[in-house]
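So my numbering is basically just the index in the sequence shown, starting at one, shifted up by 219.
Even for Gly, the Cβ is constructed at its ideal location relative to N, Cα and C.
So the structure is just underneath, and the comments pick up after that.
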Amino acid sequence: MIGLPPAAWREIDDALEVALERLRVRSAALGEASAALGDATAASATGGKRLRPALVVAAFEAFGGDAGRSPGLWRVAAAFELLHAAFVVHDDLIDGDVERRGIPNVVGRFRERARVRGGDEDESRLLGSAAAVLAGDLLLFEATRLIATAPVTSPQRAALFVLLDDAVLVSAAGELADVEQSIGADLPPTDTLLRTARDKTAFYSFQAPLAAGALLAGANDDQRAALEAAGSAIGVAFQLADDLIGTFGTRAEAGREPGADLRASKRTPLIAMAAETEAWPQIASALAMAPTGPIAIEHAQRELTASGARERTVEMIAQTLRSARTLAADAALPRDAVVLLAALTAAVEDRIPR
Numbered sequence: 220m221i222g223l224p225p226a227a228w229r230e231i232d233d234a235l236e237v238a239l240e241r242l243r244v245r246s247a248a249l250g251e252a253s254a255a256l257g258d259a260t261a262a263s264a265t266g267g268k269r270l271r272p273a274l275v276v277a278a279f280e281a282f283g284g285d286a287g288r289s290p291g292l293w294r295v296a297a298a299f300e301l302l303h304a305a306f307v308v309h310d311d312l313i314d315g316d317v318e319r320r321g322i323p324n325v326v327g328r329f330r331e332r333a334r335v336r337g338g339d340e341d342e343s344r345l346l347g348s349a350a351a352v353l354a355g356d357l358l359l360f361e362a363t364r365l366i367a368t369a370p371v372t373s374p375q376r377a378a379l380f381v382l383l384d385d386a387v388l389v390s391a392a393g394e395l396a397d398v399e400q401s402i403g404a405d406l407p408p409t410d411t412l413l414r415t416a417r418d419k420t421a422f423y424s425f426q427a428p429l430a431a432g433a434l435l436a437g438a439n440d441d442q443r444a445a446l447e448a449a450g451s452a453i454g455v456a457f458q459l460a461d462d463l464i465g466t467f468g469t470r471a472e473a474g475r476e477p478g479a480d481l482r483a484s485k486r487t488p489l490i491a492m493a494a495e496t497e498a499w500p501q502i503a504s505a506l507a508m509a510p511t512g513p514i515a516i517e518h519a520q521r522e523l524t525a526s527g528a529r530e531r532t533v534e535m536i537a538q539t540l541r542s543a544r545t546l547a548a549d550a551a552l553p554r555d556a557v558v559l560l561a562a563l564t565a566a567v568e569d570r571i572p573r
């Protein structure tokens with residue numbers, strides 16, 4: 220999604236590998252089970268697209284930052300990747316997923332570990348859940364430790380901790396709302412579900428990393444506010460595209476079983492828009508059956524598409540990205556920042572499953 224020079228990607232990867240190797244080594248010293256947890260935790264933070272650290276670096280460069288004079292840049296960038304990895308581990312647990320990117324995730328690894336040791340289904344589920352909670356905790360702390368030890372100025376560190384604090388709190392609120400909205404008979408209105416999308420993803424995935432990079436480059440308050448506003452809109456569009464991927468995407472696009480959001484009975488803006496159509500009774504029936512298997516998921520996908528809800532979601536993404544482009548035209552932003560935001564809007568458009 221973000222083009223960085225090869226040297227920048229190497230710096231990001233090196234900072235991540237140092238942090239993860241530290242975690243593996245310290246975990247291994249505490250016994251075999253702890254070693255397995257350290258390995259699984261490190262694996263959960265390996266192999267992703269590195270979107271969030273790339274945004275930190277790209278924003279830093281867009282505001283004229285000099286990496287040679289800001290050695291803390293790479294550690295801060297790595298912190299945002301570990302924050303994301305922590306949320307992914309916990310999200311997989313909440314959603315009941317045992318795979319990520321086509322391979323067993325922390326839950327899947329430790330369920331298998333329990334089975335190998337003779338555990339029954341309940342015991343396997345318990346161990347998988349416990350490992351996922353602990354792995355996410357380890358990653359959250361490591362993200363915090365990287366910012367705490369990064370070679371940055373005291374004012375920068377204080378501002379970075381505000382961003383990290385907000386990212387954790389806002390994302391937790393969004394995740395909880397996402398789960399609560401799947402409970403009960405009443406479907407929340409589209410606006411409420413859009414707020415959940417903003418809280419769950421937009422702040423920690425776009426707003427905060429962009430602001431962190433700009434902060435390290437010396438951007439002023441007005442510049443950071445303009446950048447964050449555009450980043451928030453892009454983040455909402457990104458989450459809406461993610462909802463489409465979770466509902467209609469292939470295994471390659473989703474990194475897990477197709478139709479995962481339908482299997483988990485998630486109530487997204489897509490579902491809310493379907494509820495506004497005359498076809499809702501048969502859609503609701505299809506959604507109720509979706510968790511039972513692939514055939515039922517395919518039926519629900521067809522019903523949602525036929526209702527026009529999929530097309531409306533694509534249009535909502537387009538509207539949100541138009542808003543992002545308007546916000547990106549703020550006079551406070553330097554030209555390179557405007558170019559960066561334009562590239563992000565185009566990348567979100569390309570992410571929509573066809």
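Point to revise | Separation of P408 from R243, as counted between CA atoms | key: In the sequence shown, counting from the first residue as 1, residue 243 sits at position 24. In the sequence shown, counting from the first residue as 1, residue 408 sits at position 189. Taking the straight line from one Cα to the other gives about 45 Å.
**Study point:** G266 vs R320 beta-carbon contact at 8 Å
**Key:** For the purposes of this step, residue 266 is identified with residue 47 of the sequence shown, where counting begins at 1. For the purposes of this step, residue 320 is identified with residue 101 of the sequence shown, where counting begins at 1. Taking 8 Å as the Cβ cut-off, G266 and R320 qualify as a contacting pair.
**Study point:** Rounded straight-line distance, which links the Cα of G450 to that of Q426
**Key:** For the purposes of this step, residue 426 is taken as the residue at position 207 of the sequence shown. For the purposes of this step, residue 450 is taken as the residue at position 231 of the sequence shown. Their backbone Cα atoms lie some 5 Å apart in a straight line.
Practice item. Assess, as a yes-or-no matter, whether the segment 390 to 410 is touched by the segment 370 to 378 under the definition of 3 or more beta carbon pairs within less than 8 Å. Key: no
Check your understanding: What first and last residue would you give for the alpha helix (DSSP H) that runs through P428?
Key -> As a position in the sequence shown, residue 428 is number 209, starting the count at 1. Here the alpha helix (DSSP H) through P428 covers 427 to 436.
Check your understanding: Looking at the structure shown, is P323 part of a helix, part of a strand, or coil, going by DSSP?
Key -> Taking the first residue of the sequence shown as position 1, residue 323 is located at position 104. Reduced to three states, the DSSP call for P323 is strand.
Review point. Starting from M492 and walking both ways along the alpha helix (DSSP H), at which residues does that stretch end?
Key: Taking the sequence shown and counting its residues from 1, one reaches residue 492 at position 273. 488 to 494 is the extent of the alpha helix (DSSP H) around M492.
Exercise for review: Report the residue from F282, G327, D314, R417 whose alpha carbon sits nearest the alpha carbon of A259.
Suggested key: Here residue 259 refers to the residue found at position 40 when the sequence shown is read from its first residue. Here the closest residue by C-alpha is G327.
Check your understanding: DSSP state of E318, grouped into three classes?
Key -> Position 99 of the sequence shown, counted from the first residue, corresponds to residue 318. DSSP places E318 in strand when its eight states are reduced to three.
Check your understanding: Would you call the CB atoms of L540 and L489 closer than 8 Å?
Key -> For the purposes of this step, residue 540 is taken as residue 321 along the sequence shown, with counting starting at 1. For the purposes of this step, residue 489 is taken as residue 270 along the sequence shown, with counting starting at 1. Not in contact: L540 and L489 (Cβ atoms no closer than 8 Å).
Practice item. Measure how close the beta-carbons of S424 and R271 come, nearest whole angstrom, since I'm counting them as under 8 Å. Key: One-based indexing of the sequence shown puts residue 424 at position 205. One-based indexing of the sequence shown puts residue 271 at position 52. The pair is a contact, with the Cβ atoms about 6 Å apart (cut-off 8 Å).
Review point. So is V308 buried or exposed if we call it buried at 16+ other beta carbons inside 10 Å?
Key: Here residue 308 refers to the residue found at position 89 when the sequence shown is read from its first residue. The residue in question, V308, is buried, as its Cβ has 16 or more Cβ neighbours within 10 Å.
Exercise for review: Return yes when the Cβ of T532 is within less than 8 Å of the Cβ of L463, no when it is not.
Suggested key: Taking the first residue of the sequence shown as 1, we reach residue 463 at position 244. Taking the first residue of the sequence shown as 1, we reach residue 532 at position 313. Yes, the Cβ-Cβ distance between L463 and T532 is below 8 Å.
Review point. Taking just the CA atoms, how far does A297 sit from E240?
Key: Looking up residue 240 in the sequence shown gives position 21. Looking up residue 297 in the sequence shown gives position 78. If I take the Cα positions, the gap works out to 13 Å.
Review point. If you draw a straight line from the C-alpha of D339 to the C-alpha of R330, how long is it?
Key: Translated into the one-based positions of the sequence shown, residue 339 becomes position 120. Translated into the one-based positions of the sequence shown, residue 330 becomes position 111. Distance between the alpha carbons of D339 and R330: 10 Å.
Point to revise | Under 8 Å between C-beta atoms of I536 and A460 | key: Along the sequence shown, one-based indexing puts residue 536 at 317. Along the sequence shown, one-based indexing puts residue 460 at 241. Yes. Within cutoff.
Exercise for review: Please report the Cβ distance between G474 and A421, rounded to the nearest whole angstrom; I am assuming they are in contact, meaning their Cβ atoms lie under 8 Å.
Suggested key: Counting from one through the sequence shown, the residue named residue 474 turns up at place 255. Counting from one through the sequence shown, the residue named residue 421 turns up at place 202. That belief does not hold up - the Cβ atoms of G474 and A421 are roughly 20 Å apart, past 8 Å.
Review point. Does the segment 298 to 306 come close enough to the segment 353 to 360 that 3 or more CB-CB pairs lie under 8 Å?
Key: yes
Point to revise | L546 - DSSP class collapsed to helix/strand/coil | key: Locating residue 546 in the sequence shown gives position 327, where the first residue counts as 1. Note: L546 maps to helix in three-state DSSP.
Practice item. Rounded to whole angstroms, what's the CA-CA distance from A252 to L365? Just pull it up for me. Key: Indexing the sequence shown from 1 puts residue 252 at position 33. Indexing the sequence shown from 1 puts residue 365 at position 146. Cα-Cα distance, rounded: 25 Å.
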